[in-house]
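As you go down the protein sequences, you meet chains S and P in turn. Under this note's numbering, the first residue of the first sequence carries the number 1, and numbering increases by one thereafter. Under this note's numbering, the first residue of the second sequence carries the number 1, and numbering increases by one thereafter. Heads up, the beta-carbon is just placed ideally off N, CA and C, and yes, glycines get one too. Just so we're clear, the structure is a prediction, and the values are computed from it rather than from any experiment. Here is the structure we will look at.
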Amino acid sequence: MDISKLKIFNLMQTNMSYLGAKQDVMAENISNSNTPGYDVKTIAPLDFKSVLGGTASKVTMAATSANHFAGSSSKANSAYDVGSDRNPFEITPTGNKVVLEQEMMKLAENNMEYQQTTSVYRKMLSMMKMALGDANG
Amino acid sequence: MKSMDIAVSGMQAQSERLKLIAQNIANANSVSTEANGLPYRRKTISFKSVLDKQLGIEKVEVDKIGTDNSAYVQKYDPGNPTANAQGYILLPNVNTLVEMTDMREAKAAYQANLSVIEMAKAMVARTLELLR
C-alpha cells in the first residue's frame, strides 16, 4: 500500500518537503549574513489551495520531440517560489540585508512547524496501525 | 539536506575570518626592526556568495583578503633605534577594540550557522523517527 496516495499523508509530505526547502533558504541567508550586497531570500508560503487541488506542479515546456531536454530555469532545483525580500528590515552599510536574529527566529519557527507535522504524521500512522489490529500502535 | 552544506560553508568562511582577526591581534605591536621599515599592516577579509551549480544553492566563500590602507599609528619613542629624526616610531594600524568587535560578530555568525546544522539534524531525526 502506498500511503502517500492517501490525501492526508500526501499533504503532510508536501508540507515537510516545503519546510525542508524553507530551511535551505534560511541556511543560505544565515551563512551569507556577512556577505556584502547579499539580498535576503524568502520563500513564498505554501499555497494550501493548490496543494489540496493537486495543482502545485510547475508549468513545464512542452517537448515536441523525444530528443528535447526538459526546460529548466535557475529556479528548477526548487519547486517553491524563492525570491529576494522586497522590503528588508535592515540594510548594513555594505549592502547586506540579512538580520541574523530574524533568521534565527524563523528557523526556530520552521523547526517547530516541522515537529508539529511529524507528530501528526506519527499519530495518523499509529491510528492506522490500531485499525489493523496492532494494539501497541 | 542542502542546508547543512550551506551552513558548513558559512562556518568555514567565519573561521577563516577569525583566523585573520587572530593574526591582526597577535601582530598589534609588530613594529619594524629596521630603520625606515614599515610595521605590520592590518588585514581585512570580505565574503561573497557563490552559486553551487551542482546543488543549486548559494554558498559563501572568502572573496578576498586585503589590507587596511589607513595610516599607521605614530608613537613618540626617541630611545628606539628605529625611530625617525623626530623621534617617532610607527605602530601597526590595528585597533584591538575593532578586532574584538569583529571577533564577536564572527562568533555570532558561526553560532548561527551551527544552529542551522542542529535544526537540520533535528528535522532529519524526526523524519527517521517516523519509522519507529
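According to DSSP, which residues form a beta bridge with residue i?
| i | result |
| --- | --- |
| Ser-49(P) | Val-60(P) |
| Gly-83(S) | Thr-42(S) |
| Lys-75(P) | Ile-89(P) |
| Ile-65(P) | Ile-45(P) |
If you follow the alpha helix (DSSP H) that residue i is part of, which residue opens it and which one closes it?
| i | result |
| --- | --- |
| Val-25(S) | 7 to 31 |
| Val-98(P) | 96 to 129 |
| Leu-125(S) | 100 to 131 |
| Lys-19(P) | 2 to 26 |
Can you list the residues of chain S that residue i reaches, using a CB-CB cut of under 9 Å?
| i | result |
| --- | --- |
| Lys-59(P) | Glu-28, Ser-31, Asn-32 |
Give the residues of chain C in contact with residue i, contact being defined as C-beta atoms less than 7 Å apart.
| i | result |
| --- | --- |
| Met-104(S) | In the displayed structure, chain C is absent; the protein chains listed are S and P. |
Going along chain P, which residues have a C-beta under 7 Å from residue i?
| i | result |
| --- | --- |
| Gln-115(S) | Arg-126 |
| Asn-111(S) | Met-119, Ala-122, Met-123 |
| Arg-122(S) | Leu-130 |
So residue i contacts chain S; which residues on that side make the cut at Cβ distance below 7 Å?
| i | result |
| --- | --- |
| Ser-3(P) | Gln-23, Asp-24, Ala-27 |
List the residues of chain S that residue i touches, going by C-beta distances under 8 Å, in chain order.
| i | result |
| --- | --- |
| Ala-108(P) | Leu-100 |
Starting from residue i, find everything on chain P with Cβ-Cβ shorter than 8 Å and list it in chain order.
| i | result |
| --- | --- |
| Leu-46(S) | In chain order: nothing, as chain P lies at least about 16 Å away. |
| Leu-107(S) | Ser-115, Val-116, Met-119 |
If the cut is a Cβ gap below 9 Å, which residues of chain P does residue i touch?
| i | result |
| --- | --- |
| Leu-132(S) | Per Cβ cutoff of 9 Å: no residues; Leu-132(S) is ~16 Å from chain P at best. |
| Thr-118(S) | Met-123, Arg-126, Thr-127, Glu-129, Leu-130 |
| Leu-11(S) | Chain P residues near Leu-11(S): none, gap ~15 Å exceeds 9 Å. |
| Leu-125(S) | Leu-130 |
Query raised in the report: In chain order, what residues of the region 17 to 40 of chain S put their CB closer than 8 Å to some CB of chain P?
Result: Leu-19, Gly-20, Gln-23, Asp-24, Met-26, Ala-27, Glu-28, Ile-30, Ser-31, Asn-32, Ser-33, Asn-34, Thr-35, Pro-36, Tyr-38
Query raised in the report: Counting pairs of Cβ atoms below 8 Å between the region 13 to 30 of chain P and the region 72 to 86 of chain P, do you hit three or more?
Result: no
Query raised in the report: Are the region 68 to 81 of chain P and the region 110 to 119 of chain S touching by the rule of at least three beta carbon pairs closer than 8 Å?
Result: no
Query - Inter-stretch contact (C-beta, 8 Å, three-pair minimum) for the region 49 to 56 of chain P and the region 23 to 33 of chain P - result: no
Requested in this report: Pull out every residue of the region 23 to 53 of chain P whose Cβ sits closer than 7 Å to any Cβ of chain S, in chain order.
Outcome: Ser-46, Phe-47, Lys-48, Ser-49
**Report entry** Any 3 or more C-beta pairs closer than 8 Å across the region 88 to 98 of chain S and the region 33 to 43 of chain S
**Finding:** yes
Requested in this report: Select from the region 7 to 22 of chain P all residues with a C-beta closer than 9 Å to any C-beta belonging to chain S, and list them in chain order.
Outcome: Ala-7, Val-8, Ser-9, Gly-10, Met-11, Ala-13, Gln-14, Arg-17
Requested in this report: Please determine if the region 93 to 107 of chain S and the region 12 to 31 of chain S are in contact, where contact requires at least 3 C-beta pairs separated by less than 8 Å.
Outcome: yes
Query raised in the report: Is it true that the region 89 to 96 of chain P meets the region 37 to 44 of chain P, where meeting means three or more beta-carbon pairs spaced less than 8 Å apart?
Result: yes
Report task. Would you be able to state if there are at least three C-beta pairs under 8 Å between the region 121 to 130 of chain P and the region 118 to 130 of chain S? Result -> yes
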